Amino acid sequence: MTAPVSTGLLARIAALVVVAVLIQISVVSEVPVFGVNVDLSPLLVVFIGLLCGATMGAVAGFALGLLVDLTLLQTLGVSSLIFTVVGYLAGRLREVRDPQAALTPLLVGAAGTAVASVGYSLVEFLLGVDAPVSLQLLRQVLLGVVVNAIVAPAVWVLVRRALEGSLPEDPRRRRRHRTYTTGGLSPLSRA
Amino acid sequence: MHDKTVRRRRAVLALLVVLSLILLTAYFGEAPSGRLHSVQRSFLTVISPLQDGANKALKPVRDLVGWIGDTLHAKGERDQLRKQNEVLRREVIAERGEKQAYAELQSLVGLDHRLGIGNYRPVTATVIGKSPNLWYSTVTIDRGEADGVRVNDPVINAEGLVGKVTLAASDGAYVSLITDSSVGVSARIGPGGAVGILQPKVGDPSDLLLQFLPSNASAPRGAMVLTSGTVSGRDDSLYPRGVPIGEVTSVNSESAYRSVNVHPLANLHNLDTVQVLTATPGSLPSNLARLARNLPPGAGATSPNGETLARVGGGG
Numbered sequence: 001m002t003a004p005v006s007t008g009l010l011a012r013i014a015a016l017v018v019v020a021v022l023i024q025i026s027v028v029s030e031v032p033v034f035g036v037n038v039d040l041s042p043l044l045v046v047f048i049g050l051l052c053g054a055t056m057g058a059v060a061g062f063a064l065g066l067l068v069d070l071t072l073l074q075t076l077g078v079s080s081l082i083f084t085v086v087g088y089l090a091g092r093l094r095e096v097r098d099p100q101a102a103l104t105p106l107l108v109g110a111a112g113t114a115v116a117s118v119g120y121s122l123v124e125f126l127l128g129v130d131a132p133v134s135l136q137l138l139r140q141v142l143l144g145v146v147v148n149a150i151v152a153p154a155v156w157v158l159v160r161r162a163l164e165g166s167l168p169e170d171p172r173r174r175r176r177h178r179t180y181t182t183g184g185l186s187p188l189s190r191a
Numbered sequence: 192m193h194d195k196t197v198r199r200r201r202a203v204l205a206l207l208v209v210l211s212l213i214l215l216t217a218y219f220g221e222a223p224s225g226r227l228h229s230v231q232r233s234f235l236t237v238i239s240p241l242q243d244g245a246n247k248a249l250k251p252v253r254d255l256v257g258w259i260g261d262t263l264h265a266k267g268e269r270d271q272l273r274k275q276n277e278v279l280r281r282e283v284i285a286e287r288g289e290k291q292a293y294a295e296l297q298s299l300v301g302l303d304h305r306l307g308i309g310n311y312r313p314v315t316a317t318v319i320g321k322s323p324n325l326w327y328s329t330v331t332i333d334r335g336e337a338d339g340v341r342v343n344d345p346v347i348n349a350e351g352l353v354g355k356v357t358l359a360a361s362d363g364a365y366v367s368l369i370t371d372s373s374v375g376v377s378a379r380i381g382p383g384g385a386v387g388i389l390q391p392k393v394g395d396p397s398d399l400l401l402q403f404l405p406s407n408a409s410a411p412r413g414a415m416v417l418t419s420g421t422v423s424g425r426d427d428s429l430y431p432r433g434v435p436i437g438e439v440t441s442v443n444s445e446s447a448y449r450s451v452n453v454h455p456l457a458n459l460h461n462l463d464t465v466q467v468l469t470a471t472p473g474s475l476p477s478n479l480a481r482l483a484r485n486l487p488p489g490a491g492a493t494s495p496n497g498e499t500l501a502r503v504g505g506g507g
């Protein structure tokens with residue numbers, strides 16, 4: 001199920017992660033949309049998982065989480081833990097279901113953001129955050145999911161384009177392709 | 192072959208989760224001077240030039256998007272400001288007389304504001320990064336220990352209080368905004384009003400909650416909330432007295448204490464330039480901050496709401 005990963009792919013993912021974090025903290029975080037910020041991190045992790053599989057998704061999630069925690073003075077390990085799980089789940093979705101629908105990036109992006117937001121809230125409560133919590137939190141989480149879902153298709157296109165050429169070939173997809181082209185149903189075979 | 196792949200995949204997941212948990216536990220348990228905090232500080236030193244470059248390169252994009260948003264909000268804001276202007280004009284007229292009387296009384300008693308902002312050495316800094324997370328409201332600035340910036344230094348901008356320095360490296364520093372869940376500010380409603388602790392409302396980044404006010408505290412809507420010039424705990428920043436923070440939007444009286452919702456004056460979503468109020472060693476603010484830090488638990492004056500106060504400002 002898991003194809004070997006090339007050095008080229010690793011380098012591209014590393015570059016993507018660093019550039020995304022820099023853009024996030026320099027531009028995206030400064031521009032609120034409907035009162036919340038677009039968070040590129042969960043989208044990036046989810047899409048790497050969706051394109052490269054569970055192992056790569058988890059590794060990319062861990063690395064991005066660590067970079068985010070280091071860069072933004074957050075409690076080390078919180079983002080790594082959350083994004084590792086998010087990347088792994090996205091990768092498993094690809095390996096088990098391999099969704100091909102046009103709305104997949106939007107739905108998976110929204111789901112990844114929701115899991116990350118709820119994960120953050122749970123970890124912060126477990127760590128004993130010393131602040132009153134209102135129902136506004138739920139509103140902010142939902143708004144964050146909606147805003148991230150809106151930008152998810154664009155981020156998906158960019159991530160796919162950045163990784164294209166180095167992606168491991170999916171055995172399931174390869175099998176499906178072979179059946180189609182040799183089973184007599186292909187328009188090419190009729191020609 | 193399949194089993195091996197599955198085992199490897201699960202092993203990688205388990206390893207990364209365990210690593211994250213070890214990091215989390217170690218970081219959470221150690222002191223701010225601990226090893227992982229030092230790593231974070233060193234990382235800031237390495238990455239701040241990169242952040243600075245990215246911030247400058249992407250500023251036109253940020254400005255363009257910000258301009259679109261600002262234009263959309265400008266009309267509503269203009270109407271609101273016109274109404275506010277009328278109210279303020281009336282207040283100014285009323286307060287002119289009071290101010291004159293106050294100055295006369297002050298010269299009689301010989302009091303002065305010893306801990307005004309003038310006692311600090313303001314260092315102007317550019318914001319080069321901002322956290323997108325709901326739970327962490329931090330920004331990164333391009334001034335650090337080399338410019339005299341120290342942990343717990345207050346940070347302001349032209350509009351009011353912004354936050355405090357949480358971590359300082361040689362060429363950069365992290366500032367926790369007043370909307371960060373880890374920040375609490377001793378504040379009072381208007382000059383001479385009731386003192387409480389101002390904390391953020393998690394999930395509502397544009398709202399703060401001034402808590403533990405006496406139940407009979409006066410908190411009219413629109414009243415200005417200012418720093419009290421006191422600290423409520425050993426790790427608190429000693430904000431200079433009288434820095435504007437926000438204005439009262441509504442009052443809650445659900446328990447024995449009163450709490451009020453406060454809308455911050457500073458636009459924390461769009462910070463570009465801030466000032467860090469640094470204190471030169473040996474100066475009055477520096478000595479008072481050290482004194483406040485070294486207060487034994489329970490020492491100092493106790494306010495009616497139970498807050499332990501290290502009073503630092505001159506005057507009442």
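Residue numbers (my numbering), protein chains in the order written: chain A, 1 to 191; chain B, 192 to 507.
All C-beta atoms, glycine included, are put in the ideal place defined by N, C-alpha and C.
Just so you know, these numbers come straight off a predicted model, no measurement behind them.
Nearest-angstrom Cα distance between residue i and residue j?
i                : j                : result
Leu302 (chain B) : Arg287 (chain B) : Here Leu302 (chain B) scores only 41 on pLDDT, less than 50, and its place in the model is too uncertain to base an answer on.
Ala102 (chain A) : Gly109 (chain A) : 13 Å
Thr357 (chain B) : Pro168 (chain A) : 43 Å
Glu438 (chain B) : Arg253 (chain B) : 28 Å
Leu212 (chain B) : Tyr218 (chain B) : 10 Å
Asn407 (chain B) : Arg449 (chain B) : 8 Å
Thr7 (chain A)   : Leu214 (chain B) : 27 Å
Ala359 (chain B) : Asn276 (chain B) : 39 Å
Ser477 (chain B) : Ser224 (chain B) : 20 Å
Pro455 (chain B) : Lys392 (chain B) : 12 Å
Leu227 (chain B) : Leu142 (chain A) : 33 Å
Ala202 (chain B) : Phe125 (chain A) : 28 Å
Val353 (chain B) : Arg198 (chain B) : 50 Å
Asn310 (chain B) : Leu249 (chain B) : 36 Å
Pro42 (chain A)  : Arg412 (chain B) : 40 Å
Leu107 (chain A) : Pro435 (chain B) : 44 Å
Thr440 (chain B) : Asp270 (chain B) : 18 Å
Leu9 (chain A)   : Val19 (chain A)  : 15 Å
Which residue comes first and which comes last in the alpha helix (DSSP H) that contains residue i?
i                : result
Arg449 (chain B) : Not the alpha helix (DSSP H): Arg449 (chain B) falls in the beta strand (DSSP E), residues Arg449 to Pro455.
Arg92 (chain A)  : Val78 to Val96
Gly61 (chain A)  : Ala54 to Thr71
Ala102 (chain A) : Counting along the chain, Ala102 (chain A) falls outside any alpha helix (DSSP H), and DSSP gives it neither H nor E.
Arg139 (chain A) : Gln136 to Leu163
Val28 (chain A)  : Run containing Val28 (chain A): none; DSSP gives neither H nor E here.
For residue i, collect the residues of the same chain with a Cβ closer than 6 Å to its Cβ; drop the 5 residues on either side in sequence, then sort them by chain order.
i                : result
Ser328 (chain B) : Leu368, Thr370 and Asp371
Gly65 (chain A)  : Ser79, Ser80 and Phe83
Val209 (chain B) : none
Ile284 (chain B) : none
Leu16 (chain A)  : Ala162
Ala251 (chain A) : This structure leaves residue 251 (chain A) out entirely; chain A is present only between 1 and 191.
Quick one: what's got a C-beta closer than 8 Å to residue i's C-beta in the same chain, skipping five residues either side?
i                : result
Asn348 (chain B) : Ala457, Leu462, Thr464, Val465 and Gln466
Lys355 (chain B) : Asn343, Asp344, Pro345, Val346, Val366, Ser367, Val374, Ser428 and Tyr430
Leu72 (chain A)  : Ile25
Leu51 (chain A)  : Arg94, Val159, Arg160, Leu163 and Leu167
Are the beta-carbon atoms of residue i and residue j separated by less than 7 Å?
i                : j                : result
Thr236 (chain B) : Ser322 (chain B) : no
Val146 (chain A) : Val38 (chain A)  : no
Gly91 (chain A)  : Gly144 (chain A) : no
Ala378 (chain B) : Ser419 (chain B) : yes
Ile388 (chain B) : Ala414 (chain B) : no
Thr104 (chain A) : Arg200 (chain B) : no
Val453 (chain B) : Leu417 (chain B) : no
Val256 (chain B) : Val123 (chain A) : no
Tyr88 (chain A)  : Leu206 (chain B) : no
Gly61 (chain A)  : Val36 (chain A)  : no
Trp156 (chain A) : Phe34 (chain A)  : no
Ala364 (chain B) : Val386 (chain B) : no
Gln231 (chain B) : Leu137 (chain A) : no
Determine the extent of the beta strand (DSSP E) in which residue i is found, giving its start and end residues.
i                : result
Asn466 (chain B) : First, the residue type needs correcting, since residue 466 (chain B) is Gln and not Asn in the sequence shown. Run containing Gln466 (chain B): Thr464 to Thr469, per the beta strand (DSSP E) assignment.
Ala378 (chain B) : Val376 to Ile380
Ala421 (chain B) : What sits at residue 421 (chain B) in the sequence shown is Thr, not Ala. Counting along the chain, Thr421 (chain B) falls outside any beta strand (DSSP E), and DSSP gives it neither H nor E.
Gln390 (chain B) : Val386 to Lys392
Ile369 (chain B) : Taken as a continuous stretch (DSSP letters only), Ile369 (chain B) belongs to no beta strand (DSSP E), as it is neither H nor E.
Glu438 (chain B) : Pro435 to Asn443
Take residue i and list the residues in its own chain whose beta-carbon comes closer than 7 Å to its own, dropping the five residues that flank it on each side.
i                : result
Arg12 (chain A)  : Ala162, Leu163 and Ser166
Gln242 (chain B) : Ile319, Gly320 and Thr331
Minimum length 4: unbroken alpha helix (DSSP H) runs contained in the segment 248-287 of chain B: Taking 4 residues as the shortest admissible run, the segment 248-287 of chain B contains no complete alpha helix (DSSP H) segment at all.
Whole runs of the alpha helix (DSSP H) within the segment 317-363 of chain B, excluding any shorter than 4 residues: If we require 4 residues or more, the segment 317-363 of chain B turns out to have no alpha helix (DSSP H) run fully inside it.
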